[in-house]
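Visitor: Quick one: structure below, then a few questions.
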Amino acid sequence: MAGETINEVELMMPELRGPGGDMAAQMRLMYDLVKAPLIVPVLRLAVYVCLTMSMMLFVERLYMGIVIILVKIFCGKPEKRYKWEPMREDYEIGTSVFPSVLIQIPMFNEKEVYKISIGAVCNFAWPSDRLVVQVLDDSTDHNIKEMVEKECLRWASKGINITYQTRVTRGGYKAGALKEGLTHDYVQDCEYVAIFDADFRPEPDFLLRSIPFLIHNPEIALIQARWRFVNADECLLTRMQEMSLDYHFKVEQEVGSSTHAFFGFNGTGGIWRIAAINEAGGWKDRTTVEDMDLAVRAGLKGWKFLYLGDLHVKSELPSTFKAFRFQQHRWSCGPANLFRKMFIEIVRNKRVNVWKKVYVIYSFFLVRKITAHMVTFFFYCVVLPLTILVPEVEVPKWGAIYIPCIITILNSVGTPRSIHLLFYWILFENVMSFHRTKATLIGLLEFKRANEWVVTEKLGDAINNNNKSNSKPAPKKSKSMFRDRILLHELGFAVFLFVCGVYDFLHGKNHYYIYLFLQVITFTIAGVGWVGTIVPS
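Just so you know, we're using UniProt numbering here: the sequence shown kicks off at 1 and counts up by one.
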C-alpha cells in the first residue's frame with residue numbers, strides 16, 4: 001500500500017512541477033494526496049473524541065435531571081433537612097441573642113450602582129449593634145471614591161455601623177480586598193461574613209432567613225442564595241444569560257447541595273462562617289475565581305454547603321457584549337486554571353470520601369467547566385462542518401442531532417418563560433463557546449491571560465437616564481468605536497461555516513446547511529457587534 005502511494009506521488013510530481021499547470025488543479029491534487037492517509041483518519045479521530053465528550057455531557061445532564069426531580073419529590077425544603085429556628089429578640093438579654101455579622105461590599109469604580117448594595121444592606125432587619133458593614137473600595141477614580149465615602153458617611157449618620165475601607169494598591173484584586181477586610185480589629189467579634197457585589201440588592205430579611213442555618217448546623221460553612229436579575233428583559237443578550245444562569249442555580253447548585261453538600265461559591269449573595277474561611281487558608285488570589293478556590297478548599301476540609309433556592313438576591317446582568325465577553329473569559333479561564341492547580345491536592349485529600357472527590361474532579365470540574373465548553377465549540381463549530389467537506393467521515397445521527405436535542409431540552413428547564421428562545425440560545429451558546437474554549441485552554445495551559453482580571457461593567461440606570469435625556473445630541477460614531485465592535489474571529493468563523501453550508505447545499509445529503517446558515521447569521525451578528533446594549537462613550 002505504501003509503495004502504491006509512493007508510485008502515485010512520483011507519477012504526479014511532473015505535473016505539479018509543470019510551469020503551465022493550473023494552480024487550483026495543483027492544490028486539488030495535493031489535497032487528494034494527503035486526504036486519505038492523513039485528513040480522514042485525523043478527522044475520524046476528532047469525531048470519536050467529540051462523541052465521547054457529548055456522551056459525558058449527556059450523562060451528566062441526565063443525572064442532574066433525575067436527581068433534581070427526586071430532590072423536589074422526596075427531600076423537601078432545606079428547613080426540613082436541616083435544623084432551623086426563627087430569630088427572635090430575647091426580652092432579658094436583648095439583641096445579644098443575634099450573632100455579630102460582617103457585611104463586605106467590594107467595589108471598583110462602581111459609579112452607577114454603588115448606592116444599591118450599600119442601601120440594601122443598611123436596611124437589613126438585623127440589630128444595628130450586631131451588624132458591621134464594610135465597604136471595600138479599590139476604585140482608581142478619585143471622584144467615585146469621594147461619592148462612595150459620602151454615601152457611607154450618610155448611612156453612618158443614621159446610626160449604621162459602616163466603615164469605608166481603601167487600600168494603597170489593588171494587590172490580589174477582589175480576593176486581596178476581602179482578605180485584608182477580615183484583618184481589621186473591629187471585625188474580630190464577627191462570626192459570619194456576607195458578601196455582596198456593588199450591584200446586588202438583598203431583601204431586608206436576608207439574614208433572618210439564612211443565619212439560623214449556620215447557628216443550628218455547625219457543620220455548614222456556606223449559605224448561597226439564588227441570583228435574580230433586574231434587567232433580564234433589557235435585551236436579547238440578557239435573556240440568553242438568564243437562561244444559562246437559571247439552569248446553573250435551579251439545577252447545578254441544587255444538585256450539588258442536596259447530594260454532596262458541595263458546590264462552587266458564586267462570589268456574592270452568600271454568607272460564610274469565618275472560622276471555615278480561616279481553616280481553609282483564607283482568600284487566595286492565585287486564580288481569577290477566588291470564590292471557587294475557597295469553596296473547593298473548604299469542601300476538602302469537610303465543611304458542608306447549603307444552597308437556598310427560595311432566598312433570592314436581585315442583581316444586574318452585563319448588557320453590553322464587551323462586558324459579557326470579559327466576564328465569560330474570567331468564568332471559563334479561572335476554573336480551568338484552578339483545576340490545574342488543585343487536581344493533585346484533591347486526589348491526595350484524606351478528609352473526604354472517594355465519591356465526593358470523584359464528584360469534584362469529574363462532574364464539577366472536568367464535565368461542567370472544561371468538557372461542556374470544548375465539545376460545544378469543537379464539535380458543532382469545527383468538526384461537524386469539516387465532515388461536510390470530507391464525506392468519507394460520517395457523524396452518526398444520534399451524535400449530531402438526537403443527543404444535542406436532549407441536552408438542550410434538559411437545559412431549558414431553568415427558564416420556562418424563554419422556551420421560545422431556545423433555538424437562538426443554542427446558536428448564541430455556540431458562538432460564545434469559542435471564547436469559553438479559548439479561555440479554558442488559556443487556564444489549563446496557564447498562558448499569559450490566565451490571571452487577567454477585568455471588572456464586569458455595570459450600567460445601573462445609565463441606559464434609562466441616557467434615553468430620557470434630550471438635552472444633548474447623540475455623540476457621533478468614531479472609527480475607534482466601530483473597530484471595537486468588529487470581532488474578526490467571529491467573522492472568520494462565519495465565512496468558514498458559510499463555505500461549508502454552501503458545499504453541503506450543493507453536494508451534501510444530511511441537510512446540515514440549514515443549521516450552518518443560521519449559525520453563520522449568529523456569528524455575523526456577534527462579529528459586527530449587534531449584540532446587547534450599545535452604550536455611547
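Quick reminder that beta carbons are idealized off the backbone N, C-alpha and C, glycines included.
1. What's the C-alpha gap between V243 and V395?
2. Do K458 and D199 have their beta-carbon atoms positioned less than 7 Å apart in this structure?
3. Determine the direct distance from the alpha carbon of R340 to that of W355, and round the result to whole angstroms.
4. What is the rounded straight-line gap between the Cα of F517 and the Cα of T287?
5. Rounded to the nearest angstrom, what separates G334 and G529 at their Cα positions?
6. Have a look at E345 and R325 and give me their C-alpha separation to the nearest angstrom.
7. At a cut of 8 Å, does the segment 132–152 reach the segment 164–182 through at least three beta carbon pairs?
8. Check each candidate in L491, Y513, V47 and L488 and name the one with the smallest Cα separation from C500.
9. Determine the extent of the beta strand (DSSP E) in which H312 is found, giving its start and end residues.
10. Taking the C-alpha atoms as reference points, what is the distance between P202 and L245?
11. From this set, A261, F265, I118 and I68, which residue's C-alpha is nearest N353's C-alpha?
12. In whole angstroms, what is the alpha-carbon distance linking F364 and C190?
13. State yes or no: is the C-beta of A336 within less than 7 Å of the C-beta of G492?
14. Using the C-alpha atoms, what's the distance from D205 back to K80?
15. Count the other CB atoms, across all protein chains shown, that sit within 10 Å of the CB of F523; report buried if there are 16 or more and exposed otherwise.
16. Across which residues does DSSP place Y164 in a beta bridge pair?
17. Give me the residue from A221, G270 and L237 with the minimum Cα distance to residue 573.
18. So, are the CB atoms of T163 and T320 less than 7 Å apart?
19. Helix, strand or coil for F229? Go by DSSP, reduced to three states.
20. Who does T320 pair with in a DSSP beta bridge?
21. Can you tell which of E60, R297, I223 and Y31 has its C-alpha closest to the C-alpha of M342?
22. Can you tell me whether DSSP reads R273 as helix, strand or coil?
23. Under 8 Å, with one C-beta from each stretch per pair, do the segment 387–404 and the segment 215–229 reach the 3-pair mark?
24. Whose CA, out of K509, I521, A46 and G508, lies closest to the CA of A494?
25. Relative to the C-alpha of K314, which candidate in S100, N231, V133 and R348 has its C-alpha closest?
26. Excluding the 5 residues preceding and the 5 following R209 in the sequence, name in chain order all residues of the same chain whose CB lies nearer than 7 Å to its CB.
27. Grouping DSSP H, G and I as helix and E and B as strand, with all else coil, what is Q188?
28. So I211 and P99 are supposed to be a Cβ contact under 8 Å. How far apart are they, rounded?
29. If you count every other CB in all the chains shown that lies within 10 Å of the CB of G181, and 16 or more means buried, which is it?
30. Let's see if you can read the secondary structure: which residues bound the alpha helix (DSSP H) around L245?
31. So which of C122, G269 and Y173 has the shortest CA-CA distance to E151?
32. Could you work out which residue in D291, H248, V531 and V168 is closest to A323 when comparing CA atoms only?
33. Cutting at 7 Å between CB atoms, please list the residues of its own chain near E85, excluding the five before and the five after it.
34. For G94, does the three-state DSSP call read helix, strand or coil?
35. Please classify P106: does DSSP put it in a helix, a strand, or coil?
36. For the putative contact between E254 and I68, defined by C-beta atoms under 8 Å, what is the C-beta separation to the nearest angstrom?
Guide: Once the coordinates are examined:
1. By one-based count along the sequence shown, residue 243 stands at place 243. By one-based count along the sequence shown, residue 395 stands at place 395. Here residue 243 turns out to be Met, not Val, going by the sequence shown. Taking the straight line from one Cα to the other gives about 29 Å.
2. Taking the sequence shown and counting its residues from 1, the one referred to as residue 199 is at position 199. Taking the sequence shown and counting its residues from 1, the one referred to as residue 458 is at position 458. Cβ distance < 7 Å, so D199 and K458 count as in contact.
3. Reading the sequence shown from its first residue, position 355 is the one you call residue 355. Reading the sequence shown from its first residue, position 340 is the one you call residue 340. Taking the straight line joining both Cα atoms gives about 20 Å.
4. Residue 517 sits at position 517 when you count from the first residue of the sequence shown. Residue 287 sits at position 287 when you count from the first residue of the sequence shown. Taking the straight line joining both Cα atoms gives about 38 Å.
5. For the purposes of this step, residue 334 is taken as the residue at position 334 of the sequence shown. For the purposes of this step, residue 529 is taken as the residue at position 529 of the sequence shown. Each residue's Cα considered, the two are about 25 Å apart.
6. By 1-based counting over the sequence shown, the position of residue 345 is 345. By 1-based counting over the sequence shown, the position of residue 325 is 325. Roughly 31 Å between the two C-alpha positions.
7. yes
8. Sequence index remark: in the sequence shown, residue 500 carries index 500 (1-based). When each option's Cα is compared against that of C500, the closest is Y513.
9. Taking the sequence shown and counting its residues from 1, one reaches residue 312 at position 312. From DSSP, the beta strand (DSSP E) with H312 extends over K304 to S315.
10. Within the sequence shown, numbered from 1, the residue matching residue 202 stands at position 202. Within the sequence shown, numbered from 1, the residue matching residue 245 stands at position 245. Cα to Cα, the separation comes out at about 18 Å.
11. Here residue 353 refers to the residue found at position 353 of the sequence shown. Selected option, being the one with the closest Cα: A261.
12. As a position in the sequence shown, residue 364 is number 364, starting the count at 1. As a position in the sequence shown, residue 190 is number 190, starting the count at 1. Approximately 31 Å between the Cα atoms of the pair.
13. Position 336 of the sequence shown, counted from the start, is the residue given in the question as residue 336. Position 492 of the sequence shown, counted from the start, is the residue given in the question as residue 492. It is not a contact, given that the beta carbons lie outside the stated cut-off.
14. Mapped onto the sequence shown, residue 80 falls at position 80. Mapped onto the sequence shown, residue 205 falls at position 205. Their Cα atoms are separated by approximately 20 Å.
15. Here residue 523 corresponds to residue number 523 of the sequence shown, with the count starting at 1. With 16 or more Cβ atoms within 10 Å of its Cβ, F523 is classed as buried.
16. One-based indexing of the sequence shown puts residue 164 at position 164. According to DSSP, which records beta bridges pairwise, Y164 is partnered with V135.
17. Residue 573 falls outside the range modelled here, since the chain spans only 1 to 537, and no answer is possible.
18. To locate residue 163, count along the sequence shown from 1; it is residue 163. To locate residue 320, count along the sequence shown from 1; it is residue 320. Cβ distance not < 7 Å, so T163 and T320 don't count as in contact.
19. For the purposes of this step, residue 229 is taken as the residue at position 229 of the sequence shown. Note: F229 maps to strand in three-state DSSP.
20. Along the sequence shown, one-based indexing puts residue 320 at 320. Bridge partners of T320: G532.
21. One-based indexing of the sequence shown puts residue 342 at position 342. Closest option to M342, Cα to Cα, is R297.
22. Sequence index remark: in the sequence shown, residue 273 carries index 273 (1-based). Note: R273 maps to strand in three-state DSSP.
23. no
24. As a working note, residue 494 is residue 494 in the sequence shown. Residue I521 is the option with its Cα nearest to A494.
25. For the purposes of this step, residue 314 is taken as residue 314 along the sequence shown, with counting starting at 1. It is N231.
26. Looking up residue 209 in the sequence shown gives position 209. Excluding residues within five positions, the ones whose Cβ falls inside 7 Å are L311.
27. Counting from 1 along the sequence shown, the entry for residue 188 is found at position 188. If DSSP states are grouped into helix, strand and coil, Q188 belongs with coil.
28. If you number the sequence shown from 1, residue 211 lands on position 211. If you number the sequence shown from 1, residue 99 lands on position 99. 7 Å between Cβ atoms; contact.
29. As a position in the sequence shown, residue 181 is number 181, starting the count at 1. Buried: at least 16 other Cβ atoms inside 10 Å.
30. In the sequence shown, counting from the first residue as 1, residue 245 sits at position 245. First-last of the alpha helix (DSSP H) with L245: L236 to Y247.
31. Numbered from its first residue, the sequence shown carries residue 151 at position 151. With distances taken between Cα atoms, E151 lies closest to C122.
32. One-based indexing of the sequence shown puts residue 323 at position 323. Of the candidates D291, H248, V531 and V168, the one whose C-alpha sits nearest the C-alpha of A323 is V531.
33. Residue mapping note: residue 85 aligns to position 85 of the sequence shown, counting from 1. Here the set comprises P212 and H216.
34. As a first step, residue 94 is located in the sequence shown; it is residue number 94 there, counting from the start. Strand, per DSSP.
35. The sequence position of residue 106 within the sequence shown is 106, counting from 1. Residue state, collapsed to three classes: strand.
36. In the sequence shown, the residue the question calls residue 254 occupies position 254. In the sequence shown, the residue the question calls residue 68 occupies position 68. Indeed they touch by this definition, with Cβ atoms about 6 Å apart.
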